[in-house]
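Peer 1: Under this note's numbering, the first residue of the sequence shown is numbered 2, with each subsequent residue one higher.
C-beta atoms are modelled at their ideal positions from N, C-alpha and C, and glycine is treated no differently.
Next up is a structure, given as structure tokens.
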Amino acid sequence: MTARPDTHPFNSDQSAALLRRASKQWDSDIVPQLIEYVKLPAKSPSFEAEWKRAGQIQRAIEQAQKFVAAQPVKNMTLEVITLEGRTPVLFFDIPGTGAKATGKTVLLYGHLDKQPEMTGWRDDSGPWTPLLEDGKLYGRGSADDGYAVFAAMAAVLALDAENISRPRCVGLIETCEESGSYDLPPYLDALAPRMGDVGLVVALDSGAGSYDELWATTSLRGLVNGTMTVRMLTEGVHSGDAGGAVPSTFRIARQLLDRIDDSATGMTKSPVFSAPIPEERVTQAAQAAAILGDVVWKRFPWQSCGGAHEFTLPTTKDPVELILNRTWRSALSITGADGLPSTKSAGNVLRPYTALKLSLRIPPTVDGAEAAAEVKRLVEKNTPYNAVVDFAADSAATGWNAPAFAPWLTVALDAASMHYFGKPAAYMGEGGTIPFMGMLGAKFPDAQMLVTGVLGPKSNAHGPNEFLHIEYAKKVTAATALVISAL
């Protein structure tokens, strides 16, 4: 049927026009902008203590400000806001158009700070060396999530160019997300009164199970980050002299880690680290598993000789259980270490201490502070050989479980996905942690939340060879425009 511009299901001709306009802007304007953005080592404050002196975050936000200011949007206000002692944010306010000019507001969120370099990049690329190849843009921050501010503006522009009525849109682009968004709450307190009645939050900072449909994120795990340090000696001593008399701090660390998880399966032991999985999330995991199948585990860069096909997982290859494992169950990783010399420089010395960086992902509904306290209790009580053990938490973030999707949003997501991918939208939790979603949910409890993104298979956010799938990003941009117009 033929629909009016402001009703849904969407008009096919208009939907196609939105994609054409978004694609044109991506090719002519956004990709060149992102190439320049990739070159900026705008590392988040947790990874660049002297971020203000380095000036890279400031350069990133100035680039975004210049881009937004150059867009032909009527009556837009735009400013960079810097609260005392905080990282800056970009804030813009675009009045609504047509019949939807009054009423609810759409909040468009993104961030411009980046993860650190990481090793393992291709020889012809690097974290700050953009590479365009096979429809992908390689470089740190391209997909996570520097593209968001550019895509959000392209979505609004496409709607206006096609004379499709839309609500008021406000943008909040922060520069502290990769550090846990600790600067975001003061900005929300300061800016929320200026945003009006927020009916929809759009965050383009999440993942996609595949590049073949539109994916909506339904939950995010929480995260406890911290360092466990085990000390036995005040200085290193000859291992031949002390070995067998003085316990190795590494061996003690192994014993303490066994208190947190089962080294054979990776399953955590304390009930504090677990939570009931809602039935709706189990159903969604089954639907996602039916789409993805073995891709759930085969997509990772396994080192085993025969590749992923030969690899034996420690628990199961059932894609439903694997999706639940990575979205609703805890998992401990060791992401760094101190006190360990490189293998080339290691002598026959019993080291005085071992420090391990712990990264514990926790279910969306587990309280982050309680989980951090439990880790501390587990490793510091009754230490083997009276070793001096300390766990210092760097962060303790509670996850996020999406509120129920309103019927209008479900219809809009499915319609947008059908228009651009020929398939209904897919729904799945993500294993990563995005603290700002909990903050936004608390600040706007009645708003609908669309959390989506372009981090599909092998895109490798935070790791080497991060890339942005450009054609998928174009479709996500157009789909975002349709959902905005549906509010």
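Quick check: the stretch 316-336 against the stretch 253-271, are at least 3 beta-carbon pairs closer than 8 Å?
Peer 2: yes
Peer 1: Can you list the alpha helix (DSSP H) stretches of 4 or more residues lying completely in the stretch 141-187, in chain order?
Peer 2: 148-162
Peer 1: Measure the beta-carbon distance from Q482 to L160 and round it to whole angstroms, keeping in mind my assumption that it falls under 8 Å.
Peer 2: By 1-based counting over the sequence shown, the position of residue 482 is 481. By 1-based counting over the sequence shown, the position of residue 160 is 159. According to the sequence shown, residue 482 is Ala rather than Gln. That pair is a contact at about 5 Å.
Peer 1: Between W303, L35, K318, S126, which has its C-alpha nearest D295's C-alpha?
Peer 2: Numbered from 1 along the sequence shown, position 294 holds the residue referred to as residue 295. Taking only the C-alpha atoms, the option nearest D295 is K318.
Peer 1: Checking the sheet assignment: what are the DSSP bridge partners for G223?
Peer 2: Position 222 of the sequence shown, counted from the first residue, corresponds to residue 223. Per DSSP, I363.
Peer 1: Grab the span of the alpha helix (DSSP H) containing Y473 for me, first residue to last.
Peer 2: Within the sequence shown, numbered from 1, the residue matching residue 473 stands at position 472. Y473 -> alpha helix (DSSP H) spans 471-487.
Peer 1: Name the two residues that bound the continuous beta strand (DSSP E) containing H112.
Peer 2: Residue 112 sits at position 111 when you count from the first residue of the sequence shown. H112 -> beta strand (DSSP E) spans 106-112.
Peer 1: How close, in whole Å, do the beta carbons of A217 and L451 come, if the pair is a contact with beta carbons under 8 Å?
Peer 2: Residue 217 sits at position 216 when you count from the first residue of the sequence shown. Residue 451 sits at position 450 when you count from the first residue of the sequence shown. Correct: roughly 6 Å between the Cβ atoms.
Peer 1: In the DSSP assignment, find the unbroken alpha helix (DSSP H) run with M119 in it and report its ends.
Peer 2: Within the sequence shown, numbered from 1, the residue matching residue 119 stands at position 118. M119 -> no alpha helix (DSSP H), and no H or E assigned at all.
Peer 1: Taking 6 Å as the limit between beta carbons, can you name the residues of its chain near K476, skipping five residues before and five after?
Peer 2: Within the sequence shown, the letter at position 475 stands for residue 476. Y421, listed in sequence order.
Peer 1: Does the count of Cβ pairs from the stretch 205-214 and the stretch 231-251 closer than 8 Å reach three?
Peer 2: no
Peer 1: Nearest-angstrom Cα distance between L20 and W27?
Peer 2: The residue labelled residue 20 in the question sits at position 19 within the sequence shown. The residue labelled residue 27 in the question sits at position 26 within the sequence shown. When rounded, the distance between both Cα atoms is 10 Å.
Peer 1: Pair every Cβ in the stretch 456-466 with every Cβ in the stretch 248-261, then say whether three or more of these pairs are closer than 8 Å.
Peer 2: Contact between the stretch 456-466 and the stretch 248-261 is absent, because fewer than three Cβ pairs lie under 8 Å.
Peer 1: Assuming E286 and V321 make a contact with CB atoms under 8 Å, what is their CB distance in whole Å?
Peer 2: Within the sequence shown, the letter at position 285 stands for residue 286. Within the sequence shown, the letter at position 320 stands for residue 321. One point to set straight first is that residue 286 is Ala, not Glu, in the sequence displayed. Yes, they are in contact, since the Cβ atoms of A286 and V321 sit about 5 Å apart, within 8 Å.
Peer 1: I need the straight-line Cα distance from D184 to L84, nearest angstrom please.
Peer 2: Here residue 184 refers to the residue found at position 183 of the sequence shown. Here residue 84 refers to the residue found at position 83 of the sequence shown. Roughly 9 Å separates the two Cα atoms.
Peer 1: Got a sec, what are the start and stop residues for the alpha helix (DSSP H) D415 sits in?
Peer 2: Numbered from its first residue, the sequence shown carries residue 415 at position 414. Here the alpha helix (DSSP H) through D415 covers 408-422.
Peer 1: To the nearest whole angstrom, what separates the beta carbons of V202 and I471, a pair I think is in contact under 8 Å?
Peer 2: Numbered from its first residue, the sequence shown carries residue 202 at position 201. Numbered from its first residue, the sequence shown carries residue 471 at position 470. That pair is no contact at about 25 Å.
Peer 1: So, does the stretch 101-115 touch the stretch 35-49, judging by three or more C-beta pairs under 8 Å?
Peer 2: yes
Peer 1: So T219 and Y428 are in contact, right, with Cβ under 8 Å, and what is the actual spacing, rounded?
Peer 2: In the sequence shown, the residue the question calls residue 219 occupies position 218. In the sequence shown, the residue the question calls residue 428 occupies position 427. Confirmed, Cβ separation roughly 5 Å.
Peer 1: Cβ of V390 within 8 Å of Cβ of L234?
Peer 2: Counting from 1 along the sequence shown, the entry for residue 390 is found at position 389. Counting from 1 along the sequence shown, the entry for residue 234 is found at position 233. Not closer than 8 Å, so no.
Peer 1: Helix, strand or coil for N383? Go by DSSP, reduced to three states.
Peer 2: Position 382 of the sequence shown, counted from the first residue, corresponds to residue 383. Note: N383 maps to coil in three-state DSSP.
Peer 1: Among L361, T366, N383, which residue has its Cα nearest to the Cα of G400?
Peer 2: To locate residue 400, count along the sequence shown from 1; it is residue 399. When each option's Cα is compared against that of G400, the closest is T366.
Peer 1: Does DSSP put L258 in a helix, a strand or coil?
Peer 2: Locating residue 258 in the sequence shown gives position 257, where the first residue counts as 1. The answer is helix: DSSP assigns L258 an H, G or I state.
Peer 1: Give the range of the alpha helix (DSSP H) segment to which L510 is assigned.
Peer 2: A question about residue 510 goes unanswered here, because the residues of the chain that appear run from 2 up to 488.
Peer 1: Identify the continuous alpha helix (DSSP H) that holds Q34 and give its terminal residues.
Peer 2: Within the sequence shown, residue 34 is the residue found at index 33, counting from 1. Here the alpha helix (DSSP H) through Q34 covers 32-39.
Peer 1: In this structure, does DSSP put W401 in helix, strand or coil?
Peer 2: One-based indexing of the sequence shown puts residue 401 at position 400. Strand.
Peer 1: Within this structure, are the beta carbons of I363 and R167 separated by less than 8 Å?
Peer 2: Here the question's residue 363 lines up with position 362 in the sequence shown. Here the question's residue 167 lines up with position 166 in the sequence shown. It is not a contact, given that the beta carbons lie outside the stated cut-off.
Peer 1: Suppose you measure from the CA of T204 to the CA of G454; what does that come to, to the nearest Å?
Peer 2: On the sequence shown, position 203 is the one that residue 204 refers to. On the sequence shown, position 453 is the one that residue 454 refers to. The amino acid occupying residue 204 in the given sequence is Ala; Thr does not appear at that position. Near 8 Å, if we compare the C-alpha coordinates of G454 and A204.
Peer 1: When the distance is taken between beta carbons, is S360 closer than 8 Å to L221?
Peer 2: Locating residue 221 in the sequence shown gives position 220, where the first residue counts as 1. Locating residue 360 in the sequence shown gives position 359, where the first residue counts as 1. Against a cut-off of 8 Å, the Cβ pair of S360 and L221 comes out as no contact.
Peer 1: Quick check on the burial criterion: 16 or more other C-beta atoms within 10 angstroms. Buried or exposed for E80?
Peer 2: Along the sequence shown, one-based indexing puts residue 80 at 79. E80 counts as exposed, since fewer than 16 other C-beta atoms from the protein chains shown sit within 10 angstroms of its C-beta.
Peer 1: Suppose the cutoff is 7 Å on Cβ atoms and the five residues either side in sequence are ignored; what does the same chain contact list for E49 look like?
Peer 2: As a position in the sequence shown, residue 49 is number 48, starting the count at 1. Here the set comprises A55.
Peer 1: For the beta strand (DSSP E) containing L323, name the first residue and the last one.
Peer 2: What you label residue 323 is simply residue 322 of the sequence shown in a count that begins at 1. Element bounds for L323: not the beta strand (DSSP E) but the alpha helix (DSSP H), 320-329.
Peer 1: Use the C-beta contact count for Y188: other C-beta atoms within 10 angstroms, 16 or more gives buried, fewer gives exposed.
Peer 2: Residue mapping note: residue 188 aligns to position 187 of the sequence shown, counting from 1. So Y188 counts as buried.
Peer 1: From L357 to E381, what does the alpha carbon distance come to, in whole angstroms?
Peer 2: Start at 1 with the first residue of the sequence shown, and residue 357 comes out as number 356. Start at 1 with the first residue of the sequence shown, and residue 381 comes out as number 380. C-alpha separation (whole angstroms): 14 Å.
Peer 1: Can you name the residues that DSSP bridges to F392?
Peer 2: Translated into positions along the sequence shown, residue 392 becomes position 391. M229, per the DSSP bridge assignment.
Peer 1: Can you have a look at Q304 and say buried or exposed, based on whether 16 or more other CB atoms are within 10 angstroms of its CB?
Peer 2: Residue numbering aside, residue 304 sits at position 303 when the sequence shown is read from its first letter. It counts as exposed.
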